[in-house]
Each structure stands twice: as C-alpha cells, then as structure tokens.
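*Asks:* Residue numbers (our numbering): 562 to 884.
Heads up, the beta-carbon is just placed ideally off N, CA and C, and yes, glycines get one too.
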Amino acid sequence: MPEPSERFVGIDVAKAELVVSERPSLAQWSIPNTEAGIRTLTERLEAAAPPALIVLEATGGYEFAVVGSLAAAGFTVAVVNPRQVRDFARATGQLAKTDRLDASLLALFAERVRPTVRPLASDAQADLAAVLARRRQLLEMLVAERNRLGQPRSRQTTVVKRSLKQHIAYLERELRITDAELGEQIHASPAWQAQADLLRSVPGVGQVLAVTLVAEVPELGQLTRKTIAKLIGVAPLNRDSGTLRGRRVIGGGRASVRAALYMGALVATRHNAVIRRFYQRLLAAGKPKKLALTACMRKLLTILNAIVKTHTRWQAPEALTTA
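1) Taking the runs of the alpha helix (DSSP H) that are 4 residues or longer, which of them lie wholly in the stretch 836 to 881?
2) In this structure, does DSSP put SER582 in helix, strand or coil?
3) How many angstroms separate the CA atom of SER762 from the CA atom of ASP648?
4) Give a yes or no on whether the C-beta atoms belonging to GLU777 and VAL818 are separated by under 8 Å.
5) Buried or exposed: which applies to ALA577, given that a residue is buried once 16 or more other Cβ atoms fall within 10 Å of its Cβ?
6) Assign ALA613 to one of three DSSP states: helix, strand, or coil.
7) Hey, out of THR718, TRP753, GLU706, whose CA is closest to ALA730's CA?
8) Following the continuous beta strand (DSSP E) through GLY571, name the residue where it begins and the one where it ends.
9) Is THR830 buried or exposed, if buried means 16 or more other CB atoms sit within 10 Å of its CB?
10) Using alpha carbons as the reference points, say which of PHE636, GLY622, GLU624 lies closest to ALA609.
11) Which parts of the stretch 615 to 698 are runs of the alpha helix (DSSP H), unbroken and 4 residues or longer, counting only runs that do not cross its ends?
12) I believe LEU693 touches THR773 by the beta-carbon criterion, under 8 Å. Please report the beta-carbon distance rounded to the nearest angstrom.
13) How should VAL627 be labelled, buried or exposed, when 16 other C-beta atoms within 10 angstroms of its C-beta is the threshold for buried?
14) Could you tell me the alpha carbon to alpha carbon distance between GLN645 and ARG786, rounded to whole angstroms?
15) Does the distance from the C-beta atom of VAL616 to that of ALA691 stay below 8 Å?
16) Which residues in the same chain as SER582 place their Cβ atom closer than 6 Å to its Cβ, once the five residues preceding and following it in sequence are excluded?
17) Please state the DSSP three-state secondary structure of SER591.
18) Roughly how many angstroms lie between the CA atoms of ARG600 and ALA757, to the nearest whole one?
19) Output the boundary residues of the alpha helix (DSSP H) element that contains GLU607.
20) Using a 10 Å radius around the Cβ and a threshold of 16 neighbouring Cβ atoms, would you call ILE793 buried or exposed?
21) Closest to VAL640 by CA distance: which of GLN841, VAL678, ALA867 is it?
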C-alpha cells in the first residue's frame, strides 16, 4: 500500500493538450501540450513534494517532449502500453472513456500497479528508432506495391503499371538511403557500434535485427532472461483455469522487435548450430513448427541478452569444446 504522503500523477497526452490528475488528492487540471505548457507542468510539480511516480501512455510520439522534460527535471516517469491500462480499466469497472477519466485512471494505475520504470532513450537513440520505424514503413509500402504489380494483367492498364514500377523504384531507392542512414548512425556511436558488432557475431543476426535491438531495447543485457523475454513478448503466457490447461501463447511486448527477432530466428534455424539443433529437437518431439520457431526466438533473445551482459562475442560450440 502507498504511504500516506506519497503522490502519484497520471497524464493523459493528446496532440494539443495534457490532462493531469493526482492521487490521493484527486486534483486535476489541463495545460497545452506546448513548450510553455510543459514548462508550467514541470514547475508546478516541482513546487510541491515530488511525486513517487508519474505515468503516461505511449501515444506514438506526442508524449516525447513531456517525458523528456519530466525526466530531465529528475522525476520518476513510466511510459506504459495503452492496452495494459485499458485492461486495468476493465478490471476496475471503468468502461467510459474521456481525457479526464483517462488521466484519473493513469494516476490510479500508478498508485496501485507501480509499473516498472524503464531506461528512457537518449535523443540519439530516439532518432535511430525513428529511422528504423521509417524503414519498416517503406518495406510495408514496397511489399504492397509489388503485390499490386503482380495482380492479373486484366486489372492493370499501361499507365497503372508504369506508375507502380516508378513507385517501386522510388521506394527501393529510399530504402537504400534509409539503410545507409542507419549504418551511419550506428558507426557514429562507438558504444552502439561495439554492441552491434557483438550482436552480429551470432549467426542469424543481421544488420536489421542488430539495429532494432540497439535502438528499441536499451534494457538488453540488463535484465534476466525471463524478464527480457516477457518485455519483448516471447514468453509463453498461461491460459489455465481449474482443471483446464489451455494453450500457451505469446503476446504484448514490443511487436516491432518481435518481428525482427522472428526473421533472425528463421535464419538461425539454418545457419546457427545451436539454434538449428534446438529447432530440430523440438520438431522431432512432435512440436508444431510455429511453436518450435517461437521457442527459437526466445532462445536467440536469451543468447543475445547474455552476450551483451558479458560483453563476449559468440563462440561456436566446436570452439568451446576445443578451448
């Protein structure tokens, strides 16, 4: 239970406005989501005893400025997954949704749940993550346009086909530029370069997965294998009730990281001796391919977490037995 003197703050973030709610006082107010408004918010929170925890939802970027300002002022800030908060709302019977209700709910969530505070990305790391997100967008558009080009000819005119080819060429050029930008940002930071080199020493880990982990998983190497698996969303979740034993499933976590990890694990089942033997053993035991590949994702993540934690490059099993 919180101490009587502890204060918790929830902030509902919108493009134009920040709605702030406190517990246990239930005080609530709104300010513009601007530089001046954020400065006023910081000053107002500094004027009293510092909150034990401030909680905001991830909103796709609108929260970056206020989170950075609050963290720079020394406040303890947690940015949480909106789905987690909505699940909490349903559990408490709060079905209605407005900005003011959401702010109150976030303050209650901070007080009752005490979400784990993760390291905040630096400005450079945020820039790297933004370039990586742009790369994913380009890939999605490229796949969609290639699929359209591959449709039956009866659905396409010469003008449409020419437009598709021109757009595909443009997207491929932008993708090459984005890849080059990712490489330059990694090379600009000796620490990032060293970490990326460590990660890429593992067979199956290419540039995309290495950059994704550097940009979007600053916790890599700092958490236990179970915690990092849960953070990314590759830990099996129980679905049991009474005598019923439901299928274990994965979910939540960081979907973009999980997508990159999936491709890395797929390659590793062919080119990484440890992952390949693990995958084949699961298949021989009768496990479905999808389940076996998910287990390989988790095992690969565990290996990468250990490599970053110990600052040790990958060593093939043959090298370990002859050492």
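*Replies:* Judging by the given coordinates:
1) 850 to 871
2) strand
3) 40 Å
4) yes
5) exposed
6) coil
7) GLU706
8) 569 to 574
9) buried
10) PHE636
11) 625 to 633, 643 to 652, 660 to 674
12) 6 Å
13) buried
14) 22 Å
15) no
16) GLY571, GLN589, ALA664, SER665, ALA668
17) strand
18) 37 Å
19) 596 to 607
20) buried
21) VAL678
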